[in-house]
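To keep things clear, I will list the structure first and then write my remarks on it.
2 protein chains.
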Amino acid sequence: MYRSHTNGQLNSTNINQSATLSGWVQKIRNKGFMIWVDLRDRYGITQLIFDEERTPKEVMEIASKLGREFVIQVTGKVIERESKNPNIPTGDIEILVSQLTVLNAALTPPFTIEDETDGGEDVRMKYRYLDIRRKPVRENLIFRHKVAMAVRNYLSAKNFVEVETPYLIKSTPEGARDFVVPSRMNAGQFYALPQSPQTFKQLLMVGGMDKYFQIVKCFRDEDLRADRQPEFTQIDCEMAFVEQEDILNTFEGLTRHLLSEINGVEIGEFPRMTYDEAMKRFGNDKPDIRFGMEFGELNEVSQHKDFAVFNQAELVVGIAVPGGNSFTRKEIDALIDWVKRPQIGALGMVYCRCNEDGTFKSSVDKFYTEEDLATWASVTGANPGDLICVLSGESTKVRSQLSALRMQLAEQLGLRKKDEFAPLWVVDFPLLEWDEETQRYHAMHHPFTSPKPEQMELLKTNPGAVKANAYDLVLNGNEIGGGSIRIHDKEIQAKMFDYLGFTPEEAKAQFGFLMDAFQYGAPPHGGIAFGLDRLVAILGGQETIRDFIAFPKNNAGRDVMIDAPAVIDKSQLDELHLNVVVQS
Amino acid sequence: MYRSHTNGQLNSTNINQSATLSGWVQKIRNKGFMIWVDLRDRYGITQLIFDEERTPKEVMEIASKLGREFVIQVTGKVIERESKNPNIPTGDIEILVSQLTVLNAALTPPFTIEDETDGGEDVRMKYRYLDIRRKPVRENLIFRHKVAMAVRNYLSAKNFVEVETPYLIKSTPEGARDFVVPSRMNAGQFYALPQSPQTFKQLLMVGGMDKYFQIVKCFRDEDLRADRQPEFTQIDCEMAFVEQEDILNTFEGLTRHLLSEINGVEIGEFPRMTYDEAMKRFGNDKPDIRFGMEFGELNEVSQHKDFAVFNQAELVVGIAVPGGNSFTRKEIDALIDWVKRPQIGALGMVYCRCNEDGTFKSSVDKFYTEEDLATWASVTGANPGDLICVLSGESTKVRSQLSALRMQLAEQLGLRKKDEFAPLWVVDFPLLEWDEETQRYHAMHHPFTSPKPEQMELLKTNPGAVKANAYDLVLNGNEIGGGSIRIHDKEIQAKMFDYLGFTPEEAKAQFGFLMDAFQYGAPPHGGIAFGLDRLVAILGGQETIRDFIAFPKNNAGRDVMIDAPAVIDKSQLDELHLNVVVQS
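Chains as they are written, first to last, in my numbering: chain U, 1 to 584; chain E, 585 to 1168.
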């Protein structure tokens, strides 16, 4: 062992003891006759002292040549420090070094290894192993471990069994794109990496393993958006002999446990909201309910005048921004510019100042009286001092635009408090969604989701109106989990594939094994999956999942540290029966 | 919730209570006026009773039509059973059913869902979801979960952090074959699936995460031998600022904990043996030391006579089979045939009976006197009543042959007791092994393993003699873990790649990031990896890893249940810039 203690361990109770420490040189102050070194490891920082009078000459010599990030081992006596540092646990002591070994020298790192670094994202990713030496990154990884352990111990204590499902499975063109793996032993055939263990966990239910979970890597070959990873981690769960209510209760329990154990936050029963209600009140199926600014629909109180923009709109909808009347004209113009950006896509924004004296002043005073505006305030819940922001247009689009504005304003006003946690169940999701591009319905959750049993008939006449026993768990405006009650009947599953445009042959080729399984006694079952990366980030008070992944890929799906993907040998390709065809 | 209790829960304390149960129909006895059904779930079996007098007519009706493996839900009263079954926890009671719902009918399963099934391996694999309903398979999976949880909780309590390393990495032609994953976004480039997280865990050490572990899937595209899987699970561990001794102690602690917690077996300090000693005493680097039959080298006491076979042999070596003198001539002939099988490859076997009266009788009496044979007995440790088996030939081959014979005899004699556990550290493995085919040295462990520091010079003159700080943990004749102290110096690593036949360009292209990392202050480090599949099987008293994997692949690497690998669409291939080239 290269050390008797870690660098976070020694304090005044150890004074006069001898200690051997190892770690990295964080900082050096060299006054010639005296040298101080901050020695760092995963556990903390301990100050070392070398001085002309008390330190052997040859040790002094080596110490004078140390550089940042050198790996060293020292032995010395724990002594009381003259100027104490109350900010760190070891701040009362220092080590008077008598022996010093350089275990490894170091080049000057390409960025500073400090909590606040001077390194940009790119260089930190290339040297991720150095980035991990920084406390914030290291603590994020340790935090992730703690969350995963808490999940495992909680579910295990509730009789859930973690079962490992295979990574080399079969490609199913439904849903996102698969990553595939060519088979050397079966020319022209491919495995696929799982987008989720969905069918396997359902087969485990058929197999009687009635409470399953797994913390598992999943893979999606999608065009990457910001903060998406081609490989991500899921807490995948399934239960048999349950109804939706049982699943909500079980995983509300898990989430409550995590908030309590990890964040020390006690939360009572989680509120629930239907999908339709969430869309109406927040324009979003994952509303952040830590703050208000709920939507007020203004059609009735705004479409009786000559304002053509509103009159032609399918939906006129506004929010009351608390204290927003204090915004300057310039600030309001900036908001208008913001909603008109192509990413948001609004054509404009109407606003109405709610003055402290109870009067109103809007950007459309030409069309509306003070009385009209008072009804707007009443519908949006605006108080004196607020600002009403109103968008109009096609319902789906305008809801999404106003939702984006609401989040932007909340961010701006500091309403998205990182130490406040507001979970919410969103339930009764639509079973299907219409895809303009392919001109057919797609499964909103996935093709194994059960329609509400009482709406089976509606599927024939109005498929878009059918709701599913599907639910999302939302935390602070992020979907952290989603799931559904599954179909467990072969006939219904076959019908569902039919609605989704599968021919019977396609359904059989891709999911025949599942439908076969349903014939041999499948129990009613359902489940949920949490995105671990996001869950951990949010519990950690952040939203960037990359900060909680040890070795993330960049937005182009590359690992810039190891430089992957990369070309492979011709001989490897030959063995795999493959040719690369690159368009010139 | 479809049940108030599980099928393993109710007993005489519940008599007269009402209960709702769900599960699968295990067995039906229909006497017309009375029907008994054994209802099964993961937790056990509960007997249901339906009778003409006490059960509603319509319920009786449905009950009479139940079939094996139907999924049903029943409600009824817990009553005392007339003929009790003391073998199961619910054996004192039965449920007098008043309500019965068939949740799902079932086809007759293709094999019986019993502890001892009539299904062969192939059909059970195709219908693995039915196989999992069988108690032995189910219990194996639950056992695996328990072992994994015990590992995680032990290591976590010792300050190890589980860090997830990436699955989409870079192909490195050294070692076994990689599975590769074509990149759609980078035409002609490929990710590879990790054979182990080796380089990433070393980078974590460079990153200061000084105690790492991960239970992680690994992938090797090898021609499959019996009981090898293309994807397998590893308990992967690494520590920084440690020497070999620290690693052995830490993971001896883990293994001792598992044996105690999982098997209730308390084991003291694990014995240690050098690789050379293991080869000499047992002909094997993973000896099963639950029994003796150690090798006795007989060159000195057998090469002084006219027996040409022995005289020409590099090594003459024997074992004493306890009680083997009781073998009939026919049994001994069978042993001789066994060692002459092509898989073993011996040319013959000499034997010597050690009679109870102290006399000897050998198959080579023509050449050796009783006195000669007595020295054989003394060298092999044979007692009266034993049988000495002697093989001869080229040392490496003959050791391996005699080792196989020793294991075969132990199996035959019942010496490999499944509830006895004999761990053993094998240390001081050679650094390199000579490969006849490529006519060069390969790394015996992997290219990151450190030679013994004091033998660095020997590398230049006699590379084959250099030992490494590499070690295996052996349990009951199986390697359950292996690891080494790593190189942490760029220059030594570069030299090692050179010895292994890498050009500097190849080394840089494949492992440049690791050697770069070593320049920025790499600490001394080392680690170990356990094969979880095998560890679990052995702790479970078995040796077939497939029995402890939920969805294993067959020996051709196929998942016969989902029928993977499979062909993929032309459009998928096009997106991946690939053509399949199949030789006609």
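Cβ coordinates follow ideal geometry from the N, Cα and C atoms, glycine included.
Fair warning: this is a prediction, and the values are worked out from it, not measured in the lab.
Secondary structure of Q99 (chain U) (DSSP, three-state): strand.
For H729 (chain E), the chain U residues whose C-beta falls within less than 8 Å of its own C-beta are S156, V161, E162, V163, listed in chain order.
Using a Cβ distance threshold of 8 Å, H1026 (chain E) and R1070 (chain E) do not count as a contacting pair. Relative to the Cα of H1029 (chain E), the nearest Cα in the group E:R712, E:V800, E:W1018 belongs to E:W1018. The beta-carbon of H446 (chain U) is placed no less than 8 Å from the nearest beta-carbon of chain E.
P1088 (chain E) has a beta carbon lying at 8 Å or more from every beta carbon in chain U. The Cβ of Y471 (chain U) sits no closer than 8 Å to any Cβ of chain E. As summarised for the region 1054-1102 of chain E, the continuous beta strand (DSSP E) elements at least 3 residues long and confined to that stretch are 1054-1059, 1062-1069, given in chain order. Taking the C-beta atoms as reference points, L687 (chain E) is found nearer than 8 Å to S606 (chain E). Here the alpha carbon of I873 (chain E) sits roughly 15 Å from the alpha carbon of A904 (chain E).
Judged by pairs of C-beta atoms under 8 Å, the region 723-730 of chain E does not touch the region 1139-1159 of chain E, as fewer than three such pairs exist. Looking only at E:K1051, E:M877, E:S1068, the smallest Cα-Cα distance to I972 (chain E) is reached by E:M877. Cβ proximity to chain E below 9 Å picks out I549, A550, F551, P552, K553, A556, G557, R558, D559, M561, I562, D563, A564, P565, A566, V567, I568, D569, S571 from the region 540-571 of chain U. For S910 (chain E), the three-state secondary structure derived from DSSP is helix.
DSSP places F875 (chain E) in no beta strand (DSSP E); its state is neither H nor E. Residue U:V97 holds the alpha-carbon nearest to the alpha-carbon of I79 (chain U) among U:K330, U:V97, U:E69. L787 (chain E) is positioned such that its CB atom lies closer than 8 Å to that of A1101 (chain E). For I599 (chain E), same chain residues with a beta-carbon under 8 Å away, outside a window of 5 residues either side, are V662, I663, E664, I677 in chain order. For I215 (chain U) against T233 (chain U), the beta-carbon gap comes to about 6 Å, under 8 Å, which counts as contact.
Under the 8 Å criterion on CB atoms, R804 (chain E) is classed as non-interfacial with respect to chain U.
With fewer than 16 other beta carbons inside 10 angstroms of its own, M585 (chain E) counts as exposed.
Flagged as an interface residue toward chain E: T233 (chain U), by a C-beta distance shorter than 8 Å. Out of E:L623, E:P1035, E:D1003, E:D1073, the CA that lies nearest to the CA of L1059 (chain E) is found in E:D1003. The three-state reading of DSSP puts H525 (chain U) in strand, counting E and B together. At the C-beta level, K1051 (chain E) and F1013 (chain E) come within 8 Å of one another. For E836 (chain E), there are no neighbours in chain U by C-beta distance under 7 Å, as the nearest C-beta there is about 15 Å away. Residue burial is scored here from C-beta neighbours: G704 (chain E) has fewer than 16 other C-beta atoms within 10 angstroms and is therefore classed as exposed. Counting other Cβ atoms within 10 Å of its Cβ, R399 (chain U) reaches 16 or more and is therefore classed as buried. Among the residues of chain U, those whose CB is under 9 Å from the CB of P766 (chain E) are F179, V180, V181, P182, P565, L578, V580, following chain order. Rounded to the nearest whole angstrom, the CA to CA distance from G8 (chain U) to F1135 (chain E) is 45 Å. Think of a sphere of 7 Å around the beta carbon of A148 (chain U): the chain E residues whose beta carbon falls inside it are E746, in chain order. For W24 (chain U), the C-beta contacts it makes with chain E under 9 Å involve G792, G1105, P1107, in order along the chain. Of all residues in the region 1113-1124 of chain E, none comes within less than 8 Å of chain U when Cβ atoms are compared. Three or more Cβ pairs closer than 8 Å define a contact, and the region 837-849 of chain E meets that threshold against the region 1122-1131 of chain E. Annotation for Y499 (chain U): Y441, L459, P463 place their beta carbon closer than 7 Å to its own, counting only its chain and skipping 5 residues before and after.
Membership of Q782 (chain E) in the alpha helix (DSSP H) is indicated by the continuous run 782-790.
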